[in-house]
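This report concerns only the one structure given below.
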Amino acid sequence: MHKFDPSRPPLSPSWLEDKWAVDVIVSVKELVKTYPGGTVALRGVSLKVYRGEVYGLVGPNGAGKTTAFRIIATLLKPTRGSVVVDGVDVVSDPLEARKRIAYVPEEVGGYRRLTGLEYIRFIVSSFLSASGREELVDSVVEEAAELTGLSMSVLSGKRMGEYSKGMKRRVQVAWALAVKPRLAILDEPTTGLDVEASYELRELIRDYARSRGVTVMLSSHNMFEVETVCDRVGLIRGGVLMEEGRPAEIVERFNARSLEDAYMRILASRGRSSPQ
């Protein structure tokens with residue numbers, strides 16, 4: 056699998072300013088989502104994500120991570136608030152926004168009868184055709200296949216329905232990065248992977264964000280994972296963005312041993328009960 060260069064410094068807005076002129080790729084303002092029946096999933100979430108940055112949305116199950124991602128990916132309309140991706144409002148112009156976004160949900164169903172390679176070609180062709188880059192299909196498919204870290208015999212000889220969950224995640228994340236979207240949204244990207252595969256995938260995500268200018272938003276409930284891969288994180292619970300910043304800054308701010316420890320201290324300082 057593609058290897059990450061550990062000699063590169065961690066990203067920050069100042070590092071991004073030197074390389075990418077601090078392009079704001081994602082702007083979320085006062086995002087609220089209330090589902091039928093009255094369940095409030097998001098309570099005024101605001102955040103910005105910069106070009107080439109890996110931004111992690113971190114919190115327990117039911118915190119609002121997937122709801123936020125589905126709204127950003129144009130799959131769900133907010134109750135209130137706005138989301139702009141690469142200058143395009145995702146609510147008023149979802150078709151244009153989708154040309155810029157590669158979204159990999161936590162659970163990807165279907166396509167069980169396609170081989171891994173057929174799946175990659177189908178998804179890549181669909182994405183590139185929609186964004187007017189049909190001529191790149193062959194080269195992008197080849198790159199995505201390489202990024203999976205799987206042998207060609209596995210990719211072309213086995214159907215997706217025969218893959219382990221970890222193998223499926225490799226294939227899904229690989230295509231989402233290889234098409235070089237303005238924004239790749241990865242919901243729990245390392246779910247189902249063993250320790251080695253998770254490590255390699257985290258390196259791949261960071262490398263692509265830095266070297267290709269691909270902005271990545273990922274979600275996780277694994278604090279160690281986001282602490283090692285993300286340039287900035289947003290800690291969310293009960294639909295409220297409690298804290299935001301670089302992992303090391305949050306740890307220092309709360310005099311904590313780790314991001315997980317900082318998260319628990321934040322809960323203790325604000326009360327553990329979710330907002331009602």
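Going by our numbering, the first residue of the sequence shown is number 56, and it counts up by one from there.
Beta carbons: idealized from backbone N, C-alpha and C, even for Gly.
LEU202 to LYS88 span [Cα, whole Å]: If you draw a straight line from the Cα of LEU202 to the Cα of LYS88, it is about 36 angstroms long.
Length-filtered (3 minimum) beta strand (DSSP E) runs lying within the stretch 264-317: Those beta strand (DSSP E) runs which fall completely within the stretch 264-317 and span 3+ residues are 270-275, 287-292, 295-300.
Minimum length 4: unbroken alpha helix (DSSP H) runs contained in the stretch 138-200: As far as the stretch 138-200 is concerned, its whole alpha helix (DSSP H) runs of at least 4 residues are 149-153, 171-185.
Assigned exposure category for SER208 - 16 Cβ within 10 Å defines buried: The residue is exposed, with fewer than 16 neighbouring Cβ atoms inside 10 Å.
Beta-bridge pairing of SER82 - partner residues as DSSP gives them: DSSP lists LYS103, VAL139 as partners of SER82.
Other residues of its chain near ARG153: CB distance less than 6 angstroms, five sequence neighbours each side excluded: Same-chain partners within the cutoff: THR129.
SER184 versus VAL81 - alpha carbon distance: If you take the alpha carbons of SER184 and VAL81, they lie about 23 angstroms apart.
Supposed contact pair PRO115 and HIS276 - C-beta distance, whole angstroms, cut 8 angstroms: Right, their Cβ atoms sit about 6 angstroms apart.
Local Cβ density within 10 Å of THR122, reported as buried at 16 or more and exposed below that: Burial of THR122 is indicated by the presence of at least 16 other C-beta atoms within 10 angstroms of its C-beta.
Same chain, Cβ closer than 8 angstroms to SER219, neighbours up to 5 away in sequence not counted: Result list for SER219: GLY247, in chain order.
Touch test, the stretch 180-200 against the stretch 141-157, Cβ-Cβ under 8 angstroms, three pairs minimum: Contact between the stretch 180-200 and the stretch 141-157 is present: 3 or more CB-CB pairs across the two stretches fall below 8 angstroms.
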